[in-house]
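Note that the numbering used here has the sequence shown beginning at 538, numbered continuously upward. All C-beta atoms, glycine included, are put in the ideal place defined by N, C-alpha and C. Here the structure is a predicted model, which means the values were calculated and not measured. So the structure is just underneath, and the comments pick up after that.
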Amino acid sequence: MAVLMLPTVGMIYKFSFIDGYTFHNGVYRVAKIMTYDEYVTDGRDILDDFFVPNDKGPTDLDNVYSEVTSSKILKLVDPDSLDDTGTKYYVPLNFIKETPDMNVDKYYKFGIIVDAGITKDPKALSFMRDVLVEAVESSFGITPKVDFVTLHEKWLSQSEYQEILDARDQSKLKVLNYYSENKRLQKQISSTNTKLKEYEKLILNLQAQIDALTNESSDDES
Numbered sequence: 538m539a540v541l542m543l544p545t546v547g548m549i550y551k552f553s554f555i556d557g558y559t560f561h562n563g564v565y566r567v568a569k570i571m572t573y574d575e576y577v578t579d580g581r582d583i584l585d586d587f588f589v590p591n592d593k594g595p596t597d598l599d600n601v602y603s604e605v606t607s608s609k610i611l612k613l614v615d616p617d618s619l620d621d622t623g624t625k626y627y628v629p630l631n632f633i634k635e636t637p638d639m640n641v642d643k644y645y646k647f648g649i650i651v652d653a654g655i656t657k658d659p660k661a662l663s664f665m666r667d668v669l670v671e672a673v674e675s676s677f678g679i680t681p682k683v684d685f686v687t688l689h690e691k692w693l694s695q696s697e698y699q700e701i702l703d704a705r706d707q708s709k710l711k712v713l714n715y716y717s718e719n720k721r722l723q724k725q726i727s728s729t730n731t732k733l734k735e736y737e738k739l740i741l742n743l744q745a746q747i748d749a750l751t752n753e754s755s756d757d758e759s
């Protein structure tokens with residue numbers, strides 16, 4: 538077994554166990570560290586707690602019984618658990634593959650919900666799909682799955698709905714559309730880069746012609 542640094546109670550670690558005993562691989566908070574005698578005094582059974590979840594039986598326990606009884610027993614809980622009321626896991630320290638990694642943190646998977654207002658035809662928003670995909674790809678390097686959903690329904694008269702459309706048209710005239718402007722600038726930059734490449738080719742061709750004429754002149758003088 539590898540020499541391990543004893544984890545600290547209350548800290549969160551990523552645990553990796555030796556081959557054949559990987560059921561408990563994962564991230565946990567250390568709730569308690571016990572001797573085997575303390576563990577048994579708490580009314581626990583290491584066969585049920587650790588060996589059975591790893592598809593092992595009494596014979597497997599008998600083969601390593603002395604190592605288990607001389608090992609520290611870790612009481613682990615889910616990292617988000619602030620007390621010991623949730624699921625508890627009991628693992629012998631000597632079955633851990635390597636010193637638990639304390640460089641773990643919580644990360645979040647976010648989505649974007651946009652209230653796009655009231656519309657009679659949701660398909661009219663389809664153009665936004667490409668805009669959202671492009672924005673997320675350029676910012677985060679992932680291609681999102683964009684779904685359009687109805688947040689709620691509302692009955693309106695035709696005149697009320699027309700008022701909403703008119704107000705939107707007025708807003709469009711006042712607000713610079715960032716994504717449209719961004720696309721326009723990207724096209725402009727692309728066009729400029731293309732022109733620069735053409736100028737570069739022209740300069741290289743002219744330089745080659747000048748070099749050729751210079752060489753011919755040198756040959757004539759010699």
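Would you say Ala-568 and Val-614 are within 9 Å of each other, going by their C-beta atoms? Position 31 of the sequence shown, counting from 1, holds the residue named residue 568. Position 77 of the sequence shown, counting from 1, holds the residue named residue 614. Going by C-beta atoms, Ala-568 is nearer than 9 Å to Val-614.
Starting from the C-beta of Glu-575, find all residues in its chain whose C-beta is less than 8 Å away, skip the five residues before and the five after it, and write them out in chain order. Position 38 of the sequence shown, counted from the first residue, corresponds to residue 575. Excluding positions up to five away in sequence, the list reads Ile-610.
Suppose the cutoff is 7 Å on Cβ atoms and the five residues either side in sequence are ignored; what does the same chain contact list for Glu-700 look like? Position 163 of the sequence shown, counted from the start, is the residue given in the question as residue 700. For Glu-700, where only same-chain residues beyond five positions count, there are no Cβ hits under 7 Å.
Helix, strand or coil at Met-538 [DSSP, three-state]: On the sequence shown, position 1 is the one that residue 538 refers to. Its pLDDT being 47, under 50, Met-538 is placed unreliably in this model, and the coordinates cannot settle the point.
N-terminal and C-terminal residue of the alpha helix (DSSP H) that Arg-666 is part of: Start at 1 with the first residue of the sequence shown, and residue 666 comes out as number 129. From DSSP, the alpha helix (DSSP H) with Arg-666 extends over 664–677.
Short Cβ contact (9 Å threshold) for Leu-669 with Pro-681: The residue you call residue 669 lines up with position 132 of the sequence shown. The residue you call residue 681 lines up with position 144 of the sequence shown. Yes, the pair counts as a contact, with Cβ atoms nearer than the cut-off.
Considering Cα atoms alone, identify which of Glu-671, Ile-650, Asp-621, Thr-731 is closest to Phe-685. Against the sequence shown, residue 685 aligns to sequence position 148. Measuring from the Cα of Phe-685, the nearest candidate turns out to be Ile-650.
Compute the distance between the beta-carbons of His-561 and Val-605, then report whether it is under 9 Å. Counted from its first residue, the sequence shown places residue 561 at position 24. Counted from its first residue, the sequence shown places residue 605 at position 68. For His-561 and Val-605, no; Cβs fall outside 9 Å.
Using the three-state DSSP reduction, which class does Ala-568 fall into: helix, strand or coil? In the sequence shown, counting from the first residue as 1, residue 568 sits at position 31. Strand at Ala-568.
Close beta carbons around Lys-660, own chain, < 7 Å, minus the five adjacent residues each side: Taking the first residue of the sequence shown as 1, we reach residue 660 at position 123. Nothing meets the Cβ criterion.
Are Leu-543 and Leu-630 touching if we call contact CB-CB under 9 Å? As a first step, residue 543 is located in the sequence shown; it is residue number 6 there, counting from the start. As a first step, residue 630 is located in the sequence shown; it is residue number 93 there, counting from the start. Result yes, Cβ atoms of Leu-543 and Leu-630 sit closer than 9 Å.
Look at the alpha carbon of Thr-578 and the alpha carbon of Leu-584, and state the distance between them as a whole number of angstroms. Taking the sequence shown and counting its residues from 1, the one referred to as residue 578 is at position 41. Taking the sequence shown and counting its residues from 1, the one referred to as residue 584 is at position 47. One C-alpha to the other measures close to 15 Å.
Can you tell me where the beta strand (DSSP E) holding Tyr-602 begins and where it ends? The sequence position of residue 602 within the sequence shown is 65, counting from 1. It is not in any beta strand (DSSP E) - Tyr-602 instead sits in the alpha helix (DSSP H) that spans 602–606.
Given a cut-off of 9 Å on the beta-carbon distance, is the pair Phe-632 and Tyr-558 in contact? Taking the first residue of the sequence shown as position 1, residue 632 is located at position 95. Taking the first residue of the sequence shown as position 1, residue 558 is located at position 21. Yes. Within cutoff.
Whole angstroms is fine: what's the gap from Ser-663's alpha carbon to Tyr-644's? Your numbering for residue 663 matches position 126 in the sequence shown. Your numbering for residue 644 matches position 107 in the sequence shown. Roughly 31 Å separates the two Cα atoms.
If you check the beta carbons only, do Arg-581 and Ser-618 fall under 9 Å apart? As a first step, residue 581 is located in the sequence shown; it is residue number 44 there, counting from the start. As a first step, residue 618 is located in the sequence shown; it is residue number 81 there, counting from the start. For Arg-581 and Ser-618, no; Cβs fall outside 9 Å.
With DSSP as the reference, label Ile-747 as helix, strand or coil. As a position in the sequence shown, residue 747 is number 210, starting the count at 1. Of the three classes helix, strand and coil, the one that applies to Ile-747 here is helix, per DSSP.
Just reading off the beta strand (DSSP E) that Val-628 is part of, what are its end residues? Residue 628 sits at position 91 when you count from the first residue of the sequence shown. Counting along the chain, the beta strand (DSSP E) containing Val-628 begins and ends at 625–629.
For Val-577, three-class secondary structure by DSSP: Translated into positions along the sequence shown, residue 577 becomes position 40. Three-state DSSP puts Val-577 in a helix.
Assigned secondary structure, Leu-619 (DSSP; H/G/I helix, E/B strand, else coil): Indexing the sequence shown from 1 puts residue 619 at position 82. Leu-619: coil per DSSP, three-state reduction.
Do the CB positions of Met-571 and Met-639 come within less than 9 Å of each other? Counted from its first residue, the sequence shown places residue 571 at position 34. Counted from its first residue, the sequence shown places residue 639 at position 102. Not closer than 9 Å, so no.
Excluding the 5 residues preceding and the 5 following Leu-598 in the sequence, name in chain order all residues of the same chain whose CB lies nearer than 8 Å to its CB. Here residue 598 refers to the residue found at position 61 of the sequence shown. Around Leu-598: Ile-583, Leu-584, Phe-588, Val-605.
Could you please give the first and the last residue of the uninterrupted beta strand (DSSP E) stretch that includes Lys-612? Walking along the sequence shown from the start, residue 612 turns up at place 75. Segment 610–614, the beta strand (DSSP E) holding Lys-612.
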